[in-house]
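Residue numbers (this note's numbering): 2 to 453.
Virtual Cβ for every residue (Gly too), placed ideally from N, Cα, C.
On a predicted model such as this, the values are computed, not experimentally measured, just so you know.
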């Protein structure tokens, strides 16, 4: 232990005196940061490993506070090629949608005020008619994510009763969200039918009892089972449900509101097609293939939607004003869905991406191109977040095969840029895929490469 090293540590009050007046962090948080830094430095001093002098220590702590002032939440450039990247917040929101929503939210808004009557309104009224019309249902509402949509619907339909689901549809999505767990936590009893790969309509018929309250049909949107398989057609399940007065809840997961093939993407079951089968309620995500904010959308027959809204749990999972505003703008501009940012990125052609890659290279200094070993390569990427699981989308990437810097160090260097550029390593090379690069970010990539 070195007493001299311990004595070189400043007090909390000394650090506070060094702070500039432009620091707006709460004083309690500032003290917390200082104490955490001093704790680490004190540990080094006791081990005799503290090498910094008093002024250097003060500077280090001040820099930490300034970093916290800026915040850890930041915009990044997504060079992974995964458009619906959960780590990056899934669907990106276009500038015009965000600006329009922000203009309404920077002041007070009529979130729950009916302006014509001057009486209390419903926040969902801003989106429900538009959403229901697009889905071709009687009514539609939103909650804070699709997990909540499924949970709330299950609890409303079948609390204390049985829910019949095929074993082949007991899916798990990211974050360990499992259908069996959600069914149990919603207060329902799960009844499994069929096998992992084959389920027949007779399996559902045999499982029906006086306690059966719901058929749950889950679209396996994040994986594909091939080979010796059999699944029950949704129309047949609806027909069986009507015969026995058992409603059908269909969870679509990603949820495509349009024909994706019309924008050059692989086919995904449209919500409207599921609705035509006669299901009572359908749930899906708003922040995946719809390209909106994080939300869970519930569409279906009016009486069922009314019951879901009357469930006390609804208030615990309802959307805030930001989500409502962004979802409203996304839906109202969906008449021209081909300009939707998420769909535009997912459907961007390899030819177009290759042209962008060429422009980037033209802006990079020749010595940098040589030092970093940059080349343009064709790639295939996933959509992300469990969407289009069986599809590999054509893309183009910048490949860095540097002889002077390892791929991991190069990746770290790009993450430290402002804004951070996040790519991926494969083999001994580092890649920046262009599939998920937003309009206006190409110049930033050029700058990042020249600084790397």
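Every unbroken stretch of the alpha helix (DSSP H) spanning 4 or more residues and falling wholly within the region 335-365 is given here in chain order: 342-348 and 351-364.
Between the beta-carbon of residue 85 and that of residue 297 there is about 15 angstroms, and that puts the pair past the 8 angstroms contact cut. When secondary structure is reduced to three states using DSSP, residue 409 falls in the helix class. Comparing alpha-carbon positions, the option among 319, 299, 20 and 105 lying closest to residue 68 turns out to be 20. By the 16-neighbour rule on beta-carbons within 10 angstroms, residue 431 is buried. Taking a contact to require three or more Cβ pairs closer than 8 angstroms, the region 299-314 and the region 368-379 do not qualify as touching. Between the alpha carbons of residue 211 and residue 440 lies a gap of roughly 57 angstroms. Residue 256 sits close to residue 285, with the two beta carbons spaced by under 8 angstroms.
Buried is the label assigned to residue 129, since at least 16 other Cβ atoms lie within 10 Å of its Cβ. Taking each of 5, 33 and 82 in turn and checking the Cα distance to residue 48, the smallest one comes out for 5. Residue 127 counts as buried, since no fewer than 16 other beta carbons sit within 10 angstroms of its beta carbon. Judged by DSSP in its simplified three-state form, residue 179 adopts strand. DSSP places residue 434 inside the beta strand (DSSP E), whose first and last residues are 430-434. In this structure, residue 412 sits near residue 424, with a CB-CB distance shorter than 8 angstroms. In this structure, DSSP gives residue 257 an extended state, which the three-state scheme calls strand. For the pair residue 269 and residue 250, the CB atoms are not nearer than the 8 angstroms cut-off.
At a Cβ-Cβ threshold of 8 angstroms, residue 294 and residue 76 do not count as neighbours.
Remark: C-beta atoms of residue 442 and residue 78 approach each other more closely than 8 angstroms.
In this chain, residue 38 is not harboured by any beta strand (DSSP E); it is covered by the alpha helix (DSSP H) spanning 28-47. Under the three-state reduction of DSSP, residue 79 is assigned to strand. Between residue 208 and residue 165, the C-beta gap is smaller than 8 angstroms, which places the two residues in contact.
For the set 88, 87, 38 and 81, the Cα lying nearest the Cα of residue 64 is the one of 38. When secondary structure is reduced to three states using DSSP, residue 426 falls in the strand class. With fewer than 16 other CB atoms across the displayed protein chains lying within 10 angstroms of its CB, residue 108 is exposed.
Per the coordinates, the alpha-carbon of residue 122 lies some 35 angstroms from the alpha-carbon of residue 345. Across the set 195, 438 and 365, the C-alpha of 365 shows the shortest separation from the C-alpha of residue 452. Under the three-pair Cβ rule at 8 angstroms, the region 138-152 counts as touching the region 310-326.
Excluding sequence positions up to five before and after residue 415, its CB lies within less than 8 angstroms of the CB of 80, 421, 422, 423, 424, 431, 433, 449 and 453, all in the same chain and listed in chain order.
A straight line joining the alpha-carbon of residue 59 with that of residue 11 spans about 7 angstroms. Residue 179 and residue 158 have their C-alpha atoms roughly 19 angstroms apart.
Residue environment: residue 205 is assigned as buried (16 or more neighbouring CB atoms within 10 Å of its CB, all protein chains considered). Counting every other CB atom within 10 Å of its CB across the protein chains shown gives residue 33 a total below 16, marking it as exposed.
For residue 272, the secondary structure class from DSSP, reduced to helix, strand or coil, is helix. The continuous stretches of alpha helix (DSSP H) do not include residue 301, which lies in the beta strand (DSSP E) extending over residues 297-301. Non-local beta-carbon contacts of residue 181 in its own chain, meaning distances under 7 angstroms to residues more than five positions away in sequence, involve 171 and 191 in chain order. Separation of the CB atoms of residue 358 and residue 397 is rounded to 5 angstroms, and the pair is thereby assigned contact status at 8 angstroms.
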